[in-house]
Amino acid sequence: MKSNINKLILIPVILLICINSYGQAKGKHKTVKKTDACQVCDVKMVISTEDSIKANSLSKSQLYCFLKGFNSICVRNDEYSARSNMVLYYVAKGYPEEFVDVLLNHKELKTNYIYSELSNLLIINDMEEIMQKYKPQQGDDQKKKMIKANISQSLKKSLTK
Numbered sequence: 075m076k077s078n079i080n081k082l083i084l085i086p087v088i089l090l091i092c093i094n095s096y097g098q099a100k101g102k103h104k105t106v107k108k109t110d111a112c113q114v115c116d117v118k119m120v121i122s123t124e125d126s127i128k129a130n131s132l133s134k135s136q137l138y139c140f141l142k143g144f145n146s147i148c149v150r151n152d153e154y155s156a157r158s159n160m161v162l163y164y165v166a167k168g169y170p171e172e173f174v175d176v177l178l179n180h181k182e183l184k185t186n187y188i189y190s191e192l193s194n195l196l197i198i199n200d201m202e203e204i205m206q207k208y209k210p211q212q213g214d215d216q217k218k219k220m221i222k223a224n225i226s227q228s229l230k231k232s233l234t235k
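For the sequence shown, this note's numbering begins at 75 and goes up steadily by one.
Written as structure tokens, this is what we have:
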């Protein structure tokens, strides 16, 4: 009799544990997907990137998501356009190695559009100093040299506008 009562108590407890575990795992999966999603014209990602730059804690994955947001359709979004332009300046200024590495390792990024945005920066303070950060270094491979040259050329265009 005691054995049957124990089984009757254990079965609902096990079911509750399984249901709870499934719900938590399902919720965690959704959370990971949500934070890993990089969306075009995402103002929240721009703000998050800006906050990370201010805290000196911008990661390459966050930089990737920020750059993934650049697309020609974003010109219709005034808030995104203005803010992303400013944050792009701070990325170019403060994270040159990371910027080049992300462009180098992610062919799916709209690099031509990013270069176009770099050539139309609203902030042009310290531009000569920033361009120095993109001079080719000994040991850079051809692809890396080309990315640095494209960035430098785009920054230089910013000065003439």
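We put the beta carbon where it would ideally sit given N, CA and C, even for glycine.
Q: Go through its chain and collect everything with a Cβ distance to residue 217's Cβ below 7 Å, but skip five positions before and after it.
A: Here the set comprises 178.
Q. Expressed to the nearest angstrom, what Euclidean distance is found between the alpha-carbon atoms of residue 125 and residue 221?
A. Near 26 Å, if we compare the C-alpha coordinates of residue 221 and residue 125.
Q: Determine, using beta-carbon pairs with one atom in the stretch 125–136 and one in the stretch 150–158, whether at least three such pairs fall under 8 Å.
A: Two segments are said to touch when three or more pairs of C-beta atoms, one from each, lie closer than 8 Å; by this definition the stretch 125–136 does not touch the stretch 150–158.
Q) First and last residue of the alpha helix (DSSP H) that includes residue 168? A) If you look at residue 168, you'll find it in the alpha helix (DSSP H) that goes 152–168.
**Q.** Supposed close pair residue 192, residue 229 - CB separation, criterion 8 Å
**A.** Taking the Cβ atoms as the reference, residue 192 lies roughly 6 Å from residue 229, within the contact range of under 8 Å.
Q) Are the Cβ atoms of residue 183 and residue 141 separated by less than 8 Å? A) Yes, Cβ-Cβ distance for residue 183 and residue 141 is below 8 Å.
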